[in-house]
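Sequence order for the protein chains is A and B.
For what it's worth, our numbering labels the leading residue of the first sequence as 1, then goes sequentially.
For what it's worth, our numbering labels the leading residue of the second sequence as 189, then goes sequentially.
We put the beta carbon where it would ideally sit given N, CA and C, even for glycine.
Since the structure comes first, as structure tokens, the remarks are kept for the end.
Number of protein chains: 2
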Amino acid sequence: MVSATRSLTPELVLEGAGRIVDREGLDALTMRHLADELGVAVTSIYWHVGNREELGDALVDRLIAEMGTLRATGATPRERIASLARALRRRLLDRPHVVALAHERSRTATVFRPVSDAMATELADLGIAGPEAALALRALELHVVTSVLLVRTLDRFGSTEPVDPTAAFEFTLTALLDALELRAGVCP
Amino acid sequence: MVSATRSLTPELVLEGAGRIVDREGLDALTMRHLADELGVAVTSIYWHVGNREELGDALVDRLIAEMGTLRATGATPRERIASLARALRRRLLDRPHVVALAHERSRTATVFRPVSDAMATELADLGIAGPEAALALRALELHVVTSVLLVRTLDRFGSTEPVDPTAAFEFTLTALLDALELRAGVCP
DNA sequence: ACCTGAACACCGTTCAAGT
DNA sequence: ACCTGAACACCGTTCAAGT
Numbered sequence: 001m002v003s004a005t006r007s008l009t010p011e012l013v014l015e016g017a018g019r020i021v022d023r024e025g026l027d028a029l030t031m032r033h034l035a036d037e038l039g040v041a042v043t044s045i046y047w048h049v050g051n052r053e054e055l056g057d058a059l060v061d062r063l064i065a066e067m068g069t070l071r072a073t074g075a076t077p078r079e080r081i082a083s084l085a086r087a088l089r090r091r092l093l094d095r096p097h098v099v100a101l102a103h104e105r106s107r108t109a110t111v112f113r114p115v116s117d118a119m120a121t122e123l124a125d126l127g128i129a130g131p132e133a134a135l136a137l138r139a140l141e142l143h144v145v146t147s148v149l150l151v152r153t154l155d156r157f158g159s160t161e162p163v164d165p166t167a168a169f170e171f172t173l174t175a176l177l178d179a180l181e182l183r184a185g186v187c188p
Numbered sequence: 189m190v191s192a193t194r195s196l197t198p199e200l201v202l203e204g205a206g207r208i209v210d211r212e213g214l215d216a217l218t219m220r221h222l223a224d225e226l227g228v229a230v231t232s233i234y235w236h237v238g239n240r241e242e243l244g245d246a247l248v249d250r251l252i253a254e255m256g257t258l259r260a261t262g263a264t265p266r267e268r269i270a271s272l273a274r275a276l277r278r279r280l281l282d283r284p285h286v287v288a289l290a291h292e293r294s295r296t297a298t299v300f301r302p303v304s305d306a307m308a309t310e311l312a313d314l315g316i317a318g319p320e321a322a323l324a325l326r327a328l329e330l331h332v333v334t335s336v337l338l339v340r341t342l343d344r345f346g347s348t349e350p351v352d353p354t355a356a357f358e359f360t361l362t363a364l365l366d367a368l369e370l371r372a373g374v375c376p
């Protein structure tokens, strides 16, 4: 119920939608509920931001922009890759609903792009490039998203088994990094 | 439009729902559409199968029953674990919509249970048990589901990158199995 | 016990109408 | 250019009523 003193903008619509999704979850993002949040008629939203589909896409775009701010830390390429994977994972855990939205829309790959590019730089330092690097990047990306999905499942479902998600994440991350260093000729 | 010569049963409702989901996807499974498919009033469904939520749960239960028929092949534990992972992956790829349904309902873990148990037996043959085995199982399960999600994404999204999903799957699978054998004391 | 239609409270989206 | 209400075609679910 925020009264618009001036007029509605695409940015205001997006902010309202983000507020609803973060606060009440994905299912709560209906056009009518968003209209109430903005203190506006339902149909006004369509003028500024198209339909519900495009609204969701814009929300995912905002998430992608956030991902561009992640930076690698650490001395060795291995540490820097691990730091990127961990930072990405933590960021995604902070915005579970929007991540679910991206996943629902098959845009997870796009969300990972910025971090993926940063990882590619580190892989190049390890001497890994070309199709081999593409495979490694896929494996790393998917490992992170998998872990995020697991945490969300445990949150909803309750912990039916005594598994520490972060430990499981580090377990496979270590296996992947070992495999990468083996390929690069670094013996553990 | 199948006319019921006798009367409706929970099984008939479930079969109709399965047909719709496999044929037209998840979004097409509405109570009214299902009623048309069965040649019955919408409200009859509620008598036999409860509400839409329970209908989805029953559909996932059928998927889980299917998973119980998967068997390991191969001589070594490593080969048998790999065969289970591959069989599971192929089975899930055959029923993408129901898998999505299970995922939506946070029941992926339950779907994996039968195969997970079979894998646990093989891990025990490798001398891996307890919390370490639990971690390894998680990693293997999540690797499979990740790969299935990737294939579905590529199908919908179009292949924006020249990545062979099966090759990516085998890549990380090898890394995971190497890591397991290292822990078990088998040097590659 | 089983099946029905009517009704309720929701959706997303379109469109003619206002200013 | 921007915002509105009315209307349309959908949802899931309930409930009194039929047999």
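8 Å CB neighbourhood of residue i in its chain, flanking five on each side removed
{"i": "Val248(B)", "result": "Val286, Leu289, Ala290, Arg293, Arg295, Thr298 and Val299"}
{"i": "Leu177(A)", "result": "Arg78, Ile81 and Ala82"}
{"i": "Pro188(A)", "result": "For Pro188(A), the predicted model reports a pLDDT of 44, less than 50, meaning its position is unreliable; a value from the coordinates is still stated below. Cβ within range, chain order: Asp178, Glu181 and Leu182."}
{"i": "Gly262(B)", "result": "Arg268, Ala270 and Ser271"}
{"i": "Asp190(A)", "result": "The question about residue 190(A) has no answer here: the residues shown for chain A are numbered 1 through 188."}
{"i": "Val13(A)", "result": "Leu34, Leu38, Ile45, His48, Val49 and Leu55"}
{"i": "Val336(B)", "result": "Arg277, Leu280, Leu281, Pro284 and Val287"}
{"i": "Met67(A)", "result": "Leu88, Arg91, Val111, Phe112, Arg113, Pro114 and Val115"}
{"i": "Glu203(B)", "result": "none"}
Beta-carbon separation (whole angstroms), residue i vs residue j, contact threshold 8 Å
{"i": "Phe357(B)", "j": "Arg277(B)", "result": "7 Å"}
{"i": "Ala321(B)", "j": "Ala308(B)", "result": "6 Å"}
{"i": "Arg250(B)", "j": "Glu225(B)", "result": "The Cβ separation is near 17 Å, so there is no contact."}
{"i": "His143(A)", "j": "Thr172(A)", "result": "6 Å"}
{"i": "Pro114(A)", "j": "Ile64(A)", "result": "7 Å"}
{"i": "Ala355(B)", "j": "Leu135(A)", "result": "7 Å"}
{"i": "Thr334(B)", "j": "Thr146(A)", "result": "5 Å"}
Same chain only: Cβ atoms within 6 Å of residue i, ignoring 5 sequence neighbours per side
{"i": "Val150(A)", "result": "One point to set straight first is that residue 150(A) is Leu, not Val, in the sequence displayed. Hits under 6 Å: Pro165."}
{"i": "Ala129(A)", "result": "none"}
{"i": "Val2(A)", "result": "Residue placement at Val2(A) cannot be trusted, given a pLDDT of 40 that sits under 50; what the coordinates show is reported in the next sentence. Answer for Val2(A): Gly39, listed in chain order."}
Other residues of its chain near residue i: CB distance less than 7 Å, five sequence neighbours each side excluded
{"i": "Gly56(A)", "result": "Leu101 and Arg105"}
{"i": "Ala229(B)", "result": "Ala223"}
{"i": "Ala17(A)", "result": "Leu29, Leu34, Leu55 and Leu59"}
{"i": "Ser116(A)", "result": "Leu137 and Glu141"}
{"i": "Ala260(B)", "result": "Arg268, Ser271, Leu272, Ala306 and Glu310"}
{"i": "Arg340(B)", "result": "Pro284"}
{"i": "Ala275(B)", "result": "Leu258"}
{"i": "Leu26(A)", "result": "His97, Ala100 and Leu101"}
{"i": "Pro198(B)", "result": "His236 and Val237"}
{"i": "Leu154(A)", "result": "Pro165"}
{"i": "Glu212(B)", "result": "none"}
Simplified DSSP assignment, three categories, for residue i
{"i": "Ile316(B)", "result": "coil"}
{"i": "Val49(A)", "result": "helix"}
{"i": "Val40(A)", "result": "coil"}
{"i": "Asp199(A)", "result": "Outside the displayed range of chain A (1 to 188) lies residue 199(A), so it cannot be described from this structure."}
{"i": "Leu289(B)", "result": "helix"}
{"i": "Asp223(B)", "result": "Here the sequence assigns Ala to residue 223(B), which means Asp is not the residue at that position. It is helical."}
{"i": "Thr309(B)", "result": "helix"}
{"i": "Leu29(A)", "result": "coil"}
{"i": "Ala260(B)", "result": "coil"}
{"i": "Thr197(B)", "result": "coil"}
{"i": "Asp164(A)", "result": "coil"}
{"i": "Glu107(A)", "result": "Position check: residue 107(A) holds Arg in this sequence, whereas Glu was assumed. It is coil, neither helix nor strand."}
{"i": "Arg283(B)", "result": "coil"}
Contact between the segment 42-60 of chain A and the segment 15-32 of chain A is defined here as three or more beta-carbon pairs at a separation below 8 Å; is this criterion met?
yes
When Cβ atoms are compared, which residues of the segment 360-373 of chain B fall closer than 7 Å to chain A?
Thr360, Ala363, Leu364, Asp366 and Ala367
Residues of the segment 57-70 of chain A whose Cβ lies closer than 8 Å to any Cβ of chain B, in chain order
none
Which of the residues in the segment 110-138 of chain A, read from start to end, lie with their CB under 7 Å from any CB of chain B?
Ala134, Leu135 and Arg138
Closer than 9 Å, Cβ to any Cβ of chain A: which residues of the segment 329-341 of chain B, in chain order?
Leu330, His331, Val333, Thr334, Ser335, Leu337, Leu338, Arg340 and Thr341
When you check each C-beta in the segment 272-293 of chain B against every C-beta of chain A, which residues fall closer than 7 Å?
none
Cβ-based contacts, 9 Å cut-off: residues of the segment 16-28 of chain A near chain B
none
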